[in-house]
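The next block holds one structure in the form of structure tokens; read it before the comments.
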Amino acid sequence: MAAAASTESRNQIPPYMKAVSGSLGGVVEACCLQPIDVIKTRLQLDRVGAYKGISHCGSTVVRTEGVRALWKGLTPFATHLTLKYTLRMGSNAMFQTAFKDSETGKVSNRGRLLSGFGAGVLEALAIVTPFEVVKIRLQQQKGLSPELFKYKGPIHCARTIVREESILGLWSGAAPTVMRNGTNQAVMFTAKNAFDVLLWNKHEGDGKVLQPWQSMISGFLAGTAGPFCTGPFDVVKTRLMAQSRDSEGGIKYKGMVHAIRTIYAEEGLVALWRGLLPRLMRIPPGQAIMWAVADQVTGLYEMRYLQNAPL
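Take the sequence shown: its position 40, counted from the start at 1, is 40 in UniProt numbering, and no numbers get skipped.
Following this line, the structure appears as structure tokens:
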């Protein structure tokens, strides 16, 4: 048993390689899918029905604000995705090392779920929340005249939030973000591993490199469950992050539970899943792109180092 565990341990990809693979995947994903994220945010912030759907929202933004408006917030989005995936992939690998069986060296599905949830919580608090607050504040600004915008750019936006709302303003919506990301990553990492094994008979450390299209299929399927489960958390997160204090210092939503109750009372149950379709248009394809890149990086590492390592 000890020998088997030692061999399994040697065939594990180190956390730093997982972190590198995630960062590269994040850059590619951000550049490809930013327009969908802008549309999702606009739909979630639309309380009066100004947008009739995804196509109408996108065409309206292009017509009234120009094509470049679909990439509003790209700098914080790309930066936050890169850092997020670096932390997510690296911390998940570290958690899996802690949860693996001491005798067999393998990680159970329960261990994968806990590792994914832990990675999601960590990324939500350390990276996702402050970056998404800035991104959403920039995305909600409408118009063609930048000089009329309250926020002139990512750094100016962050400084304004800190000045007007204190440093805690950058962590508005932290609770629903933690719940959303923790649940998403718990499901995603477990599902990705399951699909790799089920569809392609791919086990970590076996030296087999998936083709990019195989990684994309596994990543796409793994990314579909989260949006359905976490829709309300995502809507509430967006509303909490987007709101700023009025002239009297008051805010509409007092917290996650209050926001859910208020949205349900004022707009109905369906409003808690607003933006679900663009999330499904963004997250599964995003996971497909990210895993296609990440699996190539880790696959090359497996071929070069793990399979040639002395046993």
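Heads up, the beta-carbon is just placed ideally off N, CA and C, and yes, glycines get one too.
Between the CA atoms of residue j and residue i - distance to the nearest angstrom
i	j	result
G105	D206	14 Å
G275	M241	16 Å
I283	A292	14 Å
V27	F99	29 Å
R163	A119	31 Å
A19	K208	20 Å
I136	A174	14 Å
S115	D295	19 Å
G64	G143	In the sequence as presented, Gly is not what sits at residue 64; that position holds Thr. Those two C-alpha atoms are separated by around 7 Å.
G73	E29	14 Å
V62	I161	27 Å
A5	C57	Any answer about A5 is weak, because its pLDDT of 46 lies below 50 and its placement is not dependable; what the coordinates show is given next. Each residue's alpha carbon lies about 54 Å from the other.
T60	N201	46 Å
V187	Q96	14 Å
A50	D101	54 Å
A309	P176	With a pLDDT of 46 at A309, under the threshold of 50, the modelled position of this residue cannot be trusted; read the value that follows with caution. Approximately 44 Å, taken between the alpha carbons.
I263	L306	52 Å
A3	E103	Unreliable placement is indicated for A3, whose pLDDT of 46 sits below 50; the coordinate value is still reported in the next sentence. Each residue's alpha carbon lies about 9 Å from the other.
I39	L70	8 Å
A265	R110	37 Å
Of the residues the options, the one placed nearest residue i, counting alpha carbons only
i	options	result
G286	S145, W273 and S218	S218
T224	A175, G25 and T190	T190
R279	M303, V235, G255 and A194	V235
L138	T238, S55, E267 and I251	T238
T82	P154, S23, V38 and S55	S23
Q12	G49, L272, T262 and G90	G90
F220	G249, I167, V107 and A288	A288
residue 312	C229, P154 and E103	Residue coverage of the chain in this structure runs from 1 to 311, which leaves residue 312 outside it and unanswerable.
Short Cβ contact (7 Å threshold) for residue i with residue j
i	j	result
L45	Q140	yes
V128	K84	yes
F131	P76	yes
R88	E123	yes
V297	S21	yes
N184	G226	yes
V121	V178	yes
K254	Q243	no
M290	G66	no
P232	L272	yes
Residue range of the unbroken alpha helix (DSSP H) whose run includes residue i
i	result
G90	L74 to F99
L280	L276 to Y301
E103	Here E103 belongs to no alpha helix (DSSP H), and DSSP marks it neither H nor E.
Y16	P15 to L45
I263	M256 to E267
S244	Careful: S244 lies outside any alpha helix (DSSP H) and carries neither H nor E.
G58	I54 to E65
A222	P212 to A222
Could you name each continuous alpha helix (DSSP H) segment of 4 residues or more that falls completely within the region 124-192, going from the start of the chain to the end? 129-139 and 154-165
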